[in-house]
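J.: Take this structure, written in structure tokens, and hold onto it; I'll ask about it next.
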Amino acid sequence: MALHIHNTLTRKVEQFEPHDTETRSVGMYCCGPTVHDFAHIGNFRTFVFADLVRRYLEFRGYQVNHVMNITDVEDKIIRRVREQATTIAEFTSKYSNAFFEDLQTLNCVEPHHIPKATDHIPEMIDLISRLMDRGIAYQAPDQSIYFSIEKYQGCGCQYGQLVNLNFDEMRQGDRVSDDEYEKESVADFALWKARVPEDGEVYWPSPWGEGRPGWHIECSAMSMKLLGTSFDLHLGGEDLAFPHHEDEIAQSEGAAVQEDGRPYVKYWLHGAHLVVEGKKMSKSLGNFFTLRDLTDQGYNGREIRQLMISAHYRETFNFTLDGLAGARTALNRIHECVTKLRDKAGDTSAEPAPQVLEQFTSAMDDNLNVSSAWAAVFDWVRDCNRRLVDGALDAAGAAAELAAWNRIDSVLGVGQTDEVAPEALVALMHERTDARAAKNFARADAIRDELAAQGWAIEDTANGPRLKRS
RNA sequence: GGCGGGGUAGCCAAGUGGUAAGGCAGGGCUCUGCAAAAGCUCUAUCACCGGUUCGAUUCCGGUCCUCGCCUCCA
400 MALHIHNTLT
410 RKVEQFEPHD
420 TETRSVGMYC
430 CGPTVHDFAH
440 IGNFRTFVFA
450 DLVRRYLEFR
460 GYQVNHVMNI
470 TDVEDKIIRR
480 VREQATTIAE
490 FTSKYSNAFF
500 EDLQTLNCVE
510 PHHIPKATDH
520 IPEMIDLISR
530 LMDRGIAYQA
540 PDQSIYFSIE
550 KYQGCGCQYG
560 QLVNLNFDEM
570 RQGDRVSDDE
580 YEKESVADFA
590 LWKARVPEDG
600 EVYWPSPWGE
610 GRPGWHIECS
620 AMSMKLLGTS
630 FDLHLGGEDL
640 AFPHHEDEIA
650 QSEGAAVQED
660 GRPYVKYWLH
670 GAHLVVEGKK
680 MSKSLGNFFT
690 LRDLTDQGYN
700 GREIRQLMIS
710 AHYRETFNFT
720 LDGLAGARTA
730 LNRIHECVTK
740 LRDKAGDTSA
750 EPAPQVLEQF
760 TSAMDDNLNV
770 SSAWAAVFDW
780 VRDCNRRLVD
790 GALDAAGAAA
800 ELAAWNRIDS
810 VLGVGQTDEV
820 APEALVALMH
830 ERTDARAAKN
840 FARADAIRDE
850 LAAQGWAIED
860 TANGPRLKRS
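What follows is the structure in structure tokens.
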């Protein structure tokens, strides 16, 4: 079997075949954060999902070129920059840095390219110019540049590739902001927003006067610059399908820069949102969490990551604190097993054991069915534990299972490294062994309590006692 | 109103036209000086009503409930 994924363009699960089949290189773009605040766990579900896709493609032997943008100019940012009398660079760098720290906490692999919108104004202007030249964009009386959906459709292009649109039935105009009333048609969207007093010092020169880019144009300009005018994968949260991604397609294909009728993007993947304790996150409900809120409660990034990738990306996920505690226990179980395999394997190395890898791969190939993939992992844990108890695993066998796990964890990214206990604690552990030999159980238990107080648990195994983080 | 997801054990969550994975929590047992870890073991008529079928949780129709999008949104 080969990797199959759900493509929003066709609304079907399709076999993944990148444009470039010879080098197996894949271009992948993921809409990144708008850096006006600390990102919340809902945002991170999407980024962890993108990380999972990237890691699985690499596991499958593809060479991925992963791009994630940073949106650092936008209404909210402009407002706060003005309120705090600062600059865009200063204001956004704080949240941008925090974002990358958080990604690291979640054990996400850093994208190869992280373009910022404000560094690509010329590319956006070029793209808008091309749309103007083709007659698809127009300047309104307010001096802003808009994209004409009517003209675009007149060129034989389709608007509404990602969602079924029926403009007559839509509740039009409800939320159209005041400054966009000069558009020719309500569905048109801004490519370039003319400078207004509220923008303060945030503006750039352009052939159409001072102003700033519309929201959608940055992703078209930056993705095509870094990945070419027609690339393989574009991902983002489900809310972005319309209008953001739809408009990206319109701008990019409206510019007619693709060769021989290729689409702007071959596969669109959208990750579903998460809710917390069954409800949409909101500060008033008290179920709104940034990543930092959770790590402050003592949960680590691996645990949060595990929970986020425990369910299918196309389903709304219910993130709960109970679930997080469960993720901790589940991960500990894997870690225990891996530790025992390491002990058994020693320095022996071996080729990965095929069985669990096959089960894992066939689950993931099926539209990234992580639930099923985890089931394969836990079945494997039970099987390894059983064989360890039965003495049915020798060093080579353990090494093979370990090698398989390392392959799997290159995708899941939840593995931990063992922490070595301080010497003083190891000495205490030995003292306890002596006490036990002398049947001085009171002293032995006292030592165990003392170790526990320092965050270490003692475990008596067939090979003697072992210390581990509790 | 339009479009698109969902409703499976206490909780989370896969899956299938032939009596339902996995994880967490809980009960019992084994091992242990006691623990821990591990193993064994127990816990579900798949929202409701019709239809198709030898047989449906799975297909079709309807009902109820729920979530998202419809130009801020991951």
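Just so we're aligned, residue 400 is where the first sequence starts under this note's numbering, counting upward by one. Beta carbons are placed, not taken as given, at the ideal position from N, Cα and C, and that holds for glycine. What you are looking at is a predicted structure, and each value in this text was computed from that prediction instead of being measured.
#1: Rounded to whole angstroms, how far is the Cβ of Ala744 from the Cβ of Ala791, which I believe are closer than 8 Å?
#2: Any idea which residues DSSP pairs Arg611 with across the strands?
#3: Might you give, ordered along the chain, the residues of its own chain that have their beta carbon closer than 8 Å to the beta carbon of Ala843, omitting 5 neighbours on each side?
#4: Which whole-angstrom value is the C-beta distance of Ile708 and Leu827, which I expect to be below 8 Å?
#5: Indicate the three-state DSSP secondary structure (helix, strand or coil) for Cys429 in the structure shown.
#6: Please report how far the alpha carbon of Ala856 lies from the alpha carbon of Thr719, in whole angstroms.
#7: Report the start-end ranges of each alpha helix (DSSP H) in the region 445 to 510 that is 4 residues or longer and not cut off at the edges.
#8: Please state the DSSP three-state secondary structure of His672.
#9: Suppose you measure from the CA of Glu413 to the CA of Asp631; what does that come to, to the nearest Å?
#10: When you compare the CB positions of Leu639 and Cys430, do they come within less than 7 Å of one another, or not?
#11: Look up Val755 in the DSSP assignment and say whether it is helix, strand or coil.
#12: Helix, strand or coil for Lys411? Go by DSSP, reduced to three states.
#13: Do you know how far the Cα of Thr760 is from the Cα of Ala871?
#14: Only counting the same chain, and skipping five residues up and downstream in sequence, which positions put a Cβ closer than 7 Å to that of Val463?
#15: In terms of DSSP beta bridges, what is Ala536 paired with?
#16: Give me, in chain order, the residues of the same chain whose beta-carbon lies closer than 6 Å to that of Thr628; leave out the 5 immediate sequence neighbours on both sides.
#17: Our contact map puts Glu818 next to Arg868 with C-beta atoms below 8 Å; I'd like the distance itself, whole angstroms only.
#18: In its own chain, which residues sit with a C-beta less than 7 Å from the C-beta of Arg574, not counting the 5 before and 5 after it?
#19: Determine the burial state of His644: buried for a count of at least 16 other Cβ atoms within 10 Å of its Cβ, exposed for fewer.
#20: Got a sec, what are the start and stop residues for the alpha helix (DSSP H) Glu658 sits in?
#21: Report the rounded CA-to-CA distance for Ile513 versus Met467, giving the unit in angstroms.
#22: What is the DSSP secondary structure of Ser605, reduced to helix, strand or coil?
#23: From Lys550 to Glu702, what does the alpha carbon distance come to, in whole angstroms?
#24: For the candidate residues Pro432, Arg529, Ile440, whose alpha-carbon lies nearest to that of Val675?
#25: Could you compute how far the alpha carbon of Ala820 sits from the alpha carbon of Leu866?
#26: Could you check the C-alpha separation between Thr816 and His403 for me, to the nearest Å?
#27: Can you have a look at Asp746 and say buried or exposed, based on whether 16 or more other CB atoms are within 10 angstroms of its CB?
#28: The beta strand (DSSP E) that contains His633, what's its start and end?
#29: Taking the beta strand (DSSP E) that Phe718 falls in, what are its first and last residues?
#30: In the DSSP assignment, what are the bridge partners of Pro864?
#31: Between which two residues does the beta strand (DSSP E) containing Asn406 stretch?
#32: Do the region 764 to 778 and the region 468 to 487 make contact, defined as three or more Cβ pairs closer than 8 Å?
#33: State buried or exposed for Gly553, treating a residue as buried only when at least 16 other CB atoms are found within 10 Å of its CB.
#34: For the alpha helix (DSSP H) containing Thr694, list its first residue and its last residue.
#35: Using the beta-carbon count (16 or more within 10 Å), is Pro612 buried or exposed?
#36: Here's a check: name, in chain order, each residue in its chain whose Cβ is nearer than 7 Å to the Cβ of Phe490, leaving out the five neighbours to either side.
T.: Result, derived from the coordinates:
#1: At roughly 14 Å, the Cβ-Cβ gap does not stay under 8 Å, so Ala744 and Ala791 are not in contact.
#2: Among the bridge pairs identified by DSSP, Arg611 is matched with Lys592.
#3: So the list reads Arg831, Ala834, Arg835, once near-sequence residues are dropped.
#4: Contact flag wrong, Cβ pair sits at about 38 Å.
#5: If DSSP states are grouped into helix, strand and coil, Cys429 belongs with the strands.
#6: 27 Å
#7: Runs of the alpha helix (DSSP H) lying entirely within the region 445 to 510, each at least 4 residues long, are 474 to 482, 487 to 504 in chain order.
#8: coil
#9: So the alpha carbons of these two residues sit roughly 13 Å apart.
#10: yes
#11: Three-state DSSP puts Val755 in a helix.
#12: strand
#13: Lying before the first or after the last residue shown, residue 871 is absent from the chain, which here runs from 400 to 869.
#14: Val425, Met427, Arg453, Leu456, Glu457
#15: Phe546, per the DSSP bridge assignment.
#16: Val656, Gln657
#17: Confirmed, about 5 Å.
#18: For Arg574, the predicted structure reports a pLDDT of 43, less than 50, and the residue's modelled location is therefore unreliable. A value from the coordinates is still provided. Excluding residues within five positions, none has a Cβ falling inside 7 Å.
#19: buried
#20: That residue, Glu658, is in no alpha helix (DSSP H); it is neither H nor E in DSSP.
#21: 5 Å
#22: coil
#23: CA-to-CA, the gap between Lys550 and Glu702 works out to about 50 Å.
#24: Ile440
#25: 7 Å
#26: Distance from the CA atom of Thr816 to the CA atom of His403, rounded to whole angstroms, is 32 Å.
#27: exposed
#28: 630 to 636 is the extent of the beta strand (DSSP E) around His633.
#29: Per DSSP, Phe718 is one residue of the beta strand (DSSP E) stretching across 716 to 718.
#30: Asp859
#31: 403 to 406
#32: Short answer: they don't touch.
#33: Gly553 counts as exposed, since fewer than 16 other beta carbons sit within 10 angstroms of its beta carbon.
#34: 690 to 695
#35: buried
#36: Ile476, Arg479, Val480, Gln483
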